[in-house]
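Below you'll find the structure, written out as structure tokens, and then a few comments.
Residue numbers (my numbering), protein chains in the order written: chain A, -19 to 630; chain B, 491 to 1015.
In structure tokens:
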């Protein structure tokens, strides 16, 4: 007898396990995790950028929890809501998402082995690859995927119980029903996958049609009885909640994005069983019809010999097999990621994330990579203002008059992207309007509650602010901010010591009138009337006049430079003045300031270069862009800007 | 040491620990002797002091807003056992059974709250006794309201709920999840009974419609009613059709403004399933809205204002802040379906205010309404206050002398309703803050004197500290609505409906119109 723990025993144990598969899977998930953490950055999904509308709210305390326990799917939804909050911390969020993907993988693997199809275990990598695509596209389906995971766990649990003994197998229907009720309560409409899967299994693989019918019936009865009759939810919700077929997902375009990937995850196992089951039936039927003749069998064997030889050699060569299979797996994963990677979307999310946190240099750095979209340019202009570069560098970026207030038609309802701008410039009521719309669309997300509290504090509605702060104090990561303000409000309801609030109060409009839509020029003028020291209103006014070529109004406002202590004209203002001088041929009052010789020289050179091309504006663009692509002069002629960088690459 | 001995010791330790834990955590009753008298009442929230409360209301749980580490509240009245509550937290939760018993035994009597607070290692402080009164008359057992977020033109979740006022049970009547996230509002009952209910629905998938519930049956009428009032006979319901426009304020605390570009009244006759109107309340030169019937069914009261603008394309319209509604009424013979002459009950010119939301008490004695500086939507005006008109005096003298109720605050009061015994008023108020509307109740005695209002009680007295819901249009009903949300949802989703045609063209939305996805439906609260 070989003693225990001998080398031979250990060797026997090692070769009994698929070490290669373990290593491959580990590498896969390590890369999966690193990708989500460092490349995708799930903090961006947590933030949402006004694009993800179904990211869940989570509040501590019994009242929030109690809303979930009384309906089917509530427990999974609550758990998923909590786990989703961990996306706030990048590396933890990535870990949670990786664990979820891995568990789905394990469950699929277990189930396929349990139904005696271990050769199909490679299918277990499909869900994580689909999840990579979902996250790469910056979409959110964590809740419904969590419901899938719980369902898969139950799918594994059921055969696990039945296989323990043949006696237990007799009670399979009872076990099935008990698990069904529990699963339905936990995961809502996702339970239907459980019933469907085992119904297909019983019909096609076990041939037990009466159990098939019973399982199908349970898929109708259990949701109706538990969901509609006991819990009182609507019949539509009873059958679809938490599943990707729910109207709550399908109704909104934003939440429908990448839903096909989730459908694939849900339907993968049932489709597999269906195909496998039908194939088995087909083989059985085919085998019955074939006459078993020895010669034919020999011939058949002889004609396939070369392939079987190769295949047999390949199967025996573990190293090569491991290499090829790993290559295929990683190749598909990388390919999926590369095909779904969207730099524009990522830039949008990053820019919005940094803008919300007022990390303006990061906004500018990120926008440099990809700055074509209006929302990005809108954020860039805000960043330029806050870094005191709006009147120096704005034409180093692509500009359009719609980027100042984000007034393009497509962004008409982009309230998320606009509320901070309105707060900063002093348009509190418009900010509150946008925040309230966001509240309805995105829910009581901490970033919205924070701003609603701020706006109400600025407006002096302290009692309303307290309520928003009260809710915010129950969130996981913003409670401190809320509690700090709640304490401050108790000590000083007027918030006299809060510089930001006092500053915003000094900016906000105090004259009331009714309006449906506002005129940009009008509202900027009102802001300056309210407070001449509103620097943002001033710089945006000047930017507006420059972009809309209203240089006569531009020069009329030059006297305001004194309100902000400008000793000399910023570069872009000089250029605008030079253009106006050239156009109007009239002297312009610079209120004691002089135009710099550099600006004059630049204007001269621009004019000379432009004149060399005669009337051919198009021909001049390359040369002008190279030397003057970041000037107002270029924008004035060509109506676009940010060309210097492009020109340098030509 | 044997295994059994170890197990025994473990069990003993567990039991001891549990006992110690229970002892430390659960509040023990202590004798309060030798306390310091504080000569003022304790600050409590919600403010349940000096109020008149119904004998069938749920316990008025509250928070003691005094610094302390232990709290004691003694609740007592003339008869019955005192209720003593000890708590380590300032949250005072009154046991429901004892509360109900105390109220039952002491109708018409005063009820006292003695509040004691103790700081660690100090003496107990006793505050001045809070005195309330228990009314003889009960309030209707249920309150139906719409719970929404204070949004503007977008909405996600909203629903109409009913709350059992004798306890804290809230149940859903219908929410917009049953029909894919539309809007619902204007729940109206006939004479405080749930047996006849109307509820307006707007859905981009299933169209606009009105749900008519009669006992446990429900039907869908193929047009949406605005502000609605049942004729006391239950045979017809009058409703407004409003072309509402939402605008914004640049600097007011209330961000929203609402005007009616156009409006008129119509009435739906149940037997014939037809809609009619009358020239008395569909004048193109006037804006008619907020219909309400007198309890004898002889008069329809409503609000009427002249159209002050010629240009209907400029929004908001010129002079929108000059619009002031008169309170008028017209007589009606239901058997002949004949309308009498219009009569001005109260003129905006006399009051210099706009008169809105008239509601007649079920006993026909009082007319409760609100007035504010201008406009048609009082919930958006801080100046909106509740007024009472003695209809008996009005009938005698022909002159209305409305009295402004002293229960008003410096914020909006509106959306008032009566209990079936005409003794209780429920109304919406923004007195707590400028954004969230809450429901208050006030007792009205025979002389028309209104008593200090109190907030709808909640099981958790800190509920309102972080409640982001607005409680809109509180309606008192005697019994619960029985029809289920699923039944109503099925009817909304179904294709069967009663087709109606309004015999007038104006700013009337077509029956069954499915608004485009970008069209905004206004009138949020």
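By construction, the Cβ of each residue, glycine as well, lies at the ideal position given by its N, Cα and C atoms.
By the criterion of Cβ-Cβ separation under 8 Å, what are the contact partners of residue i in chain A?
i: residue 640 (chain B); result: 416
i: residue 950 (chain B); result: 43
Report buried or exposed for residue i, applying the criterion of at least 16 other Cβ atoms within 10 angstroms of its Cβ.
i: residue 290 (chain A); result: exposed
i: residue 498 (chain B); result: exposed
i: residue 908 (chain B); result: buried
i: residue 835 (chain B); result: buried
i: residue 786 (chain B); result: exposed
i: residue 533 (chain B); result: exposed
i: residue 718 (chain B); result: buried
i: residue 809 (chain B); result: exposed
i: residue 887 (chain B); result: exposed
i: residue 154 (chain A); result: exposed
i: residue 400 (chain A); result: buried
i: residue 597 (chain A); result: exposed
i: residue 282 (chain A); result: With a pLDDT of 48 at residue 282 (chain A), under the threshold of 50, the predicted position of this residue should be treated as unreliable, and no value is reported.
i: residue 295 (chain A); result: exposed
i: residue 115 (chain A); result: buried
Just the chain B side, please: which residues come within less than 8 Å of residue i by C-beta, in chain order?
i: residue 424 (chain A); result: 958
What does DSSP give as the partner residue(s) for residue i in the beta ladder?
i: residue 720 (chain B); result: B:727
i: residue 649 (chain B); result: B:637, B:665
i: residue 739 (chain B); result: A:494
i: residue 756 (chain B); result: B:729
i: residue 1046 (chain B); result: Absent from the model: residue 1046 (chain B). The displayed extent of chain B is 491 to 1015, so no value can be given.
i: residue 858 (chain B); result: B:849, B:878
i: residue 522 (chain B); result: Its beta-bridge partners do not exist; DSSP assigns none.
i: residue 790 (chain B); result: B:783, B:820
i: residue 600 (chain B); result: B:623
i: residue 829 (chain B); result: B:822
i: residue 357 (chain A); result: The partner list for residue 357 (chain A) (beta bridge, DSSP) is empty, contrary to what the question assumes.
i: residue 288 (chain A); result: Per DSSP, none; premise fails for residue 288 (chain A).
Roughly how many angstroms lie between the CA atoms of residue i and residue j, to the nearest whole one?
i: residue 319 (chain A); j: residue 235 (chain A); result: 21 Å
i: residue 959 (chain B); j: residue 861 (chain B); result: 25 Å
i: residue 325 (chain A); j: residue 352 (chain A); result: 11 Å
i: residue 720 (chain B); j: residue 678 (chain B); result: 7 Å
i: residue 882 (chain B); j: residue 889 (chain B); result: 10 Å
i: residue 57 (chain A); j: residue 51 (chain A); result: 10 Å
i: residue 450 (chain A); j: residue 742 (chain B); result: 24 Å
i: residue 767 (chain B); j: residue 226 (chain A); result: 42 Å
Anything in chain A within Cβ reach of residue i, meaning under 7 Å, just list it in chain order.
i: residue 670 (chain B); result: 227, 231
i: residue 741 (chain B); result: 409, 489, 490, 491, 492
i: residue 745 (chain B); result: 409, 412, 413
Can you pull the chain B neighbours of residue i, defined as C-beta to C-beta under 7 Å?
i: residue 631 (chain A); result: Outside the shown range of chain A (-19 to 630) lies residue 631 (chain A), about which nothing can therefore be said.
i: residue 450 (chain A); result: 955, 956
i: residue 208 (chain A); result: 976
i: residue 495 (chain A); result: 737, 738, 740
Give the residues of chain B in contact with residue i, contact being defined as C-beta atoms less than 9 Å apart.
i: residue 217 (chain A); result: 667, 668
i: residue 3 (chain A); result: Chain B residues near residue 3 (chain A): none, gap ~45 Å exceeds 9 Å.
i: residue 447 (chain A); result: 922, 923, 925, 926, 954, 955, 956, 957, 958
i: residue 212 (chain A); result: 661, 662, 974, 975, 976
I want to verify the contact list: residues of chain A whose CB lies under 9 Å from the CB of residue i, in sequence order.
i: residue 697 (chain B); result: None at all; the shortest Cβ gap to chain A is about 16 Å.
Checklist entry - Looking at chain A, which residues of the stretch 794 to 820 of chain B have a Cβ within less than 8 Å of any of its Cβ atoms? => result 805, 806, 810, 811
Checklist entry - What residues in the stretch 959 to 981 of chain B bring their beta carbon closer than 9 Å to a beta carbon of chain A? => result 974, 975, 976, 979, 980
Checklist entry - For the stretch 911 to 929 of chain B, which residues have a beta carbon sitting closer than 8 Å to at least one beta carbon of chain A? => result 922, 923, 924, 925, 926
Next on the checklist: For the stretch 861 to 882 of chain B, list every residue whose C-beta sits within 7 Å of some C-beta in chain A, in sequence order.
Outcome noted: none
Item to check | Chain-ordered residues of the stretch 710 to 743 of chain B with a beta carbon less than 9 Å from chain A | outcome: 735, 736, 737, 738, 739, 740, 741, 742, 743
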